[in-house]
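First to last, the sequence lines map onto chains E and S. Take the first sequence: its position 379, counted from the start at 1, is 379 in our numbering, and no numbers get skipped. Offset between the second sequence (1-based) and our numbering: plus 1000.
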Amino acid sequence: MTVYFDNNATTPLKDGVKKAMAEALEVYGNPSSVHACGREARLLQDMARRNVAAMFGVRSEQVIFTSSGTEANNLVLRGYFACPENLEKGSKLVISSVEHNCVHKTAVDLNRLNGVSMHMVTVDRNGIIDLDDLKLTLEKGNVGLVSIMHGNNETGVIQPLDKIVALCKEYGVRVHTDAVQTAGKVALSFKDMGVDFMTVSFHKLGGPKGIGAVIMKADIDMECHTSGGSQERNRRAGTENIIGIAGAGACTEEWQVSVDKMQNQIGPLRNKLEKGLKQLSNELYIIGESTNRVPNTTNVIVPGLEGETAVMSLDMAGFCVSTGSACSSGRVEPSRVILAHGIPADEALCALRISLGWQTTEAEVDAFLAAFGEMLGRMQKAS
Amino acid sequence: MTNSILDTLNIQPLVAGKKPEETTVVAAMSGGVDSSVVAALLHKLGYKVVGITLQLWDYTPANDEAEGETKKFGTCCALDDVYDARRVCQTVGIPHYVLNYESEFKDKVIDDFVDTYLAGATPIPCVRCNQRIKFDSLMSKAKQLGGDVLVTGHYVRKVMGEGGKPELHQGLSSDKDQSYYLFTTTPEQLEFSAFPLGDLTKDQTRDLAQELGLHVHQKPDSQDICFVPGGDYRKVVTKFAPEAEKPGNFVDSKGKVLGQHKGIINFTVGQRRGLGMAFGEPMYVTAIRPDTSEVVVGPKEELGVKTFYVFDMNWLRKPENGTELTVRVRAGHKGVPGEVKHLDDGRMQVDLFDPEEAVSPGQAAVFYDDKNLIGGGWIENPHAGSRKVKVQISAA
């Protein structure tokens, strides 16, 4: 028996997704072709795009499919600053200290390659960004773009996007948000959020890997970062991944059901899990516990119990969890994101991410708590 | 199927009173054929096996300077070994984890390696790695993970002795015996360990690897110290301690200066070749004096040592004073008879019955009662002066 509690890393395919993708396997045309086979593929792609657009309350042309959330974030940041007119308005990129590497490293690259300066807004102990710092930075001027993630992949903490957007509007600065971890977990209306760009990745919500999207205001100038055909309204060249796009369309089809389930069923299970965990150890704490978080994520620290050891130990007991963002070649270094919370390095090494999914059952949570308790007992004995 | 080696093996339960399917085995996997066979074999016998590979040394630029080129990440041998171990686990169908112990390895093995050379002695880093990494950090990790036993691919035998106390014996195939490298194993560590290859020859292991379908069955044995690719340890030492190349004098046993050498790091007691100077007759390094950077040379007769001192003892069975034992003073040494005497400061005095050439400080003196390893310690450099303290501290 394997219990999968690593749904922030990726999720199992939904049944409807498997069906849609299996059907798409029969469609071999190139959607750019004029003939019947091309039209068939184009139809599939258009229908999927409409589903995705509907989920976020946008028009189809506001959806740009990419190969991943990572590529989508790269496309927005690089594509935005590649336009001379955008760069002229401001050459500073503002991000937060808890961004995913694909934003953080892209910002570093932009600084090195394109002379876009970077400012990193810090977060407090609960992972919420310092709005005063953001305001001060905006006030100083020359900010071209603010890119602050919606929900954090390691902790699930949700940023007060409404306040961030209001501030940026005040200074006429465009906003991008990486919503990879919130899409499908909380209801997202692109219009209500008020951002200019948003990134989503479909394998986090029951879709396939290899397909992500930028949701954006249609009238913003943004350079294509690959040269080639005019696919995706000149925003992203390359023949479309039709099977992946079909999967993306299918996983967004009944998004309301998924979001409701996340809120009404998985949220309470997560709360039960956290309550149970806290009963197992007095030293244990949960990052951002009292903060607004996505309903499925718990990042727990048991001082003295290294996350790496816990992951292996729980894996051997049949439970899949992780230490945070997919780590690099087993190198034991504390997460940059957890450190940014002001958590000392020795405790940051103990961060363990448990992320439930729409398929999670109460029995699984109970079994996990039992295994976790067993593990804690063993650690005490071994030390 | 006939003539399977598997049928001829007689492997005792790894943990007394526990069935294989109830026994969680942590296999230390280097990516070589020996540890791969151990993991695959135990899985075949029904044990719950998890493979763990330690990443100990970062083979990126610093080290590759030695070869005058910068290798790209992903082409280095260390990562190939990790890949081999993972592939074996995939073939067998068991979990595999990689643990990064680079900083511990640097602190506990490489620094000691450098310090030992600076103290005019010749280190054995593989013993330090067994002592301080595999049978310490990895073993406690194995316990934390709920493992019942840690297994390795060493050619040694764990034998139940009197009163149910395990003993550490030489491997049956004497040319592959690796017990010397495990002399620091404590009774508690031995209790938690198992060495399933102790009864086999290397050829049998390779045949088993083939029979078990492991792609590493023809992989060559590693020859070098893992962090000294190509064998040029001087480059490693001087990288961390440039002073190791400080020139000094060759002197004879009377103190007469015979010439200049290019740093004590180039010498090991007992060495004859590569002295970098012609003395007119065959001369051997008989002592190294780190404080004055002097290398003492002399004719073969001066090389023989009957009495020497050993520190940082580890005992599986502590002998009485005056016990006659077999003493091995280096890994390839067959062993010679001698007597031991405990000194008040915890050191041992070893009196060999006949003079032995090349008793090199920094190497281990390991004591056997026939095939049974009962303990050992580190050979002291009698000429280390102020450095002596440093070696002993770092060895503690």
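A virtual CB, placed ideally from N, CA and C, is assigned to each residue, including glycine.
(request) Entirely within the region 1082-1168 of chain S and at least 4 residues each: give me those alpha helix (DSSP H) ranges in chain order. (result) 1102-1105, 1111-1118, 1125-1129, 1139-1144
(request) Answer with yes or no whether the minimum CB distance from K1108/S to chain E is below 8 Å. (result) The Cβ of K1108/S sits no closer than 8 Å to any Cβ of chain E.
(message) Mapping the DSSP letters down to three states, classify M312/E as helix, strand or coil.
(response) helix
(request) Please indicate yes or no: does the CB of E1294/S lie closer than 7 Å to some heavy atom of the ligand COA? (result) No copy of the ligand COA appears in this structure; indeed no ligand is present at all.
(message) Less than 8 Å between the beta carbons of H413/E and T137/E, yes or no?
(response) Lying outside 1 to 383, the shown extent of chain E, residue 413/E is not represented and no answer is given.
(request) Pick helix, strand or coil for S258/E, following the three-state DSSP scheme. (result) helix
(message) For chain S, check one thing: does any of its Cβ atoms lie closer than 8 Å to the Cβ of S313/E?
(response) yes
(message) For the beta strand (DSSP E) containing A139/E, name the first residue and the last one.
(response) Residue 139/E is actually Glu in this sequence, not Ala. Taken as a continuous stretch (DSSP letters only), E139/E belongs to no beta strand (DSSP E), being part of the alpha helix (DSSP H) at 131-140.
(request) May I ask you to list the residues that DSSP assigns as paired with R49/E? (result) In the DSSP output, where bridge partners are listed per residue, R49/E has none listed.
(request) Kindly list the residues whose CB is nearer than 8 Å to the CB of T1405/S, restricted to its own chain and excluding five residues on each side of it in sequence; keep chain order. (result) The structure shown does not extend to residue 1405/S, since chain S is modelled only from 1001 to 1396, so the question has no answer here.
(request) Flag V956/S as yes if its beta-carbon sits less than 8 Å from any beta-carbon of chain E, otherwise no. (result) Absent from the model: residue 956/S. The displayed extent of chain S is 1001 to 1396, so no value can be given.
(message) Could you check whether the Cβ of G1046/S sits closer than 8 Å to any Cβ belonging to chain E?
(response) no
(message) Between the alpha carbons of I1264/S and E1104/S, how many angstroms are there, rounded?
(response) Going by the C-alpha atoms only, they are around 27 Å apart.
(request) Give every residue of the same chain whose Cβ lies closer than 6 Å to the Cβ of F368/E, excluding the five residues on either side of it in the sequence, and list them in chain order. (result) F319
(request) Output yes if chain E places a C-beta closer than 8 Å to the C-beta of K1256/S; else output no. (result) Judged by the 8 Å Cβ criterion, K1256/S is not in contact with chain E.
(message) Within 10 Å of its beta-carbon, does V257/E have 16 or more other beta-carbons around it, so buried, or fewer, so exposed?
(response) Exposed is the label assigned to V257/E, since fewer than 16 other Cβ atoms lie within 10 Å of its Cβ.
(request) Drop a sphere of 10 angstroms on the beta-carbon of P1220/S, count the other beta-carbons inside from all chains shown, and report buried for 16 or more, exposed for fewer. (result) exposed
(message) Quick check on A237/E: does DSSP put it in helix, strand or coil?
(response) coil
(message) Mapping the DSSP letters down to three states, classify G16/E as helix, strand or coil.
(response) helix
(message) Tell me the residue span of the beta strand (DSSP E) that contains Y1309/S.
(response) Counting along the chain, the beta strand (DSSP E) containing Y1309/S begins and ends at 1305-1315.
(request) Whole angstroms is fine: what's the gap from N153/E's alpha carbon to S355/E's? (result) 9 Å
(request) Compare the C-beta of V1050/S with all C-beta atoms of chain E and state if any pair is closer than 8 Å. (result) yes
(message) If the criterion is Cβ atoms closer than 8 Å, does the pair V1216/S and F1250/S meet it?
(response) no
(message) Whole angstroms are fine: how far does the CA of I129/E sit from the CA of K1143/S?
(response) 40 Å
(request) Tell me whether the beta-carbon of E1380/S lies closer than 8 Å to the beta-carbon of V1310/S. (result) Yes; because the gap between Cβ atoms is below 8 Å, this pair is in contact.
(request) Measure the Cβ-Cβ separation of L1168/S and L1182/S and say whether it is below 8 Å. (result) yes
(message) Check whether chain S comes within 8 Å of R378/E, counting only Cβ atoms and requiring the distance to be less than that.
(response) yes
(request) Run the CB neighbour count on P334/E, radius 10 Å, all protein chains shown included, and call it buried at 16 or more, exposed below. (result) P334/E comes out buried.
(message) For the alpha helix (DSSP H) containing N292/E, name the first residue and the last one.
(response) No alpha helix (DSSP H) holds N292/E; DSSP gives it neither H nor E.
(message) Less than 8 Å between the beta carbons of R174/E and D196/E, yes or no?
(response) yes
(message) Let's see if you can read the secondary structure: which residues bound the alpha helix (DSSP H) around Y1233/S?
(response) Taken as a continuous stretch (DSSP letters only), the alpha helix (DSSP H) holding Y1233/S covers 1233-1240.
(request) Assign E253/E to buried or exposed, taking buried as 16 or more other Cβ atoms, counted over all protein chains shown, within 10 Å of its Cβ. (result) buried
(message) Checking the sheet assignment: what are the DSSP bridge partners for R353/E?
(response) N299/E, S322/E
(request) List the residues of chain E whose Cβ lies closer than 7 Å to the Cβ of K1143/S, in chain order. (result) A382
(request) Starting from T309/E, find everything on chain S with Cβ-Cβ shorter than 8 Å and list it in chain order. (result) Those within 8 Å of T309/E in chain S are K1141, Q1144, L1145.
(request) Look at the alpha carbon of A218/E and the alpha carbon of G228/E, and state the distance between them as a whole number of angstroms. (result) 21 Å
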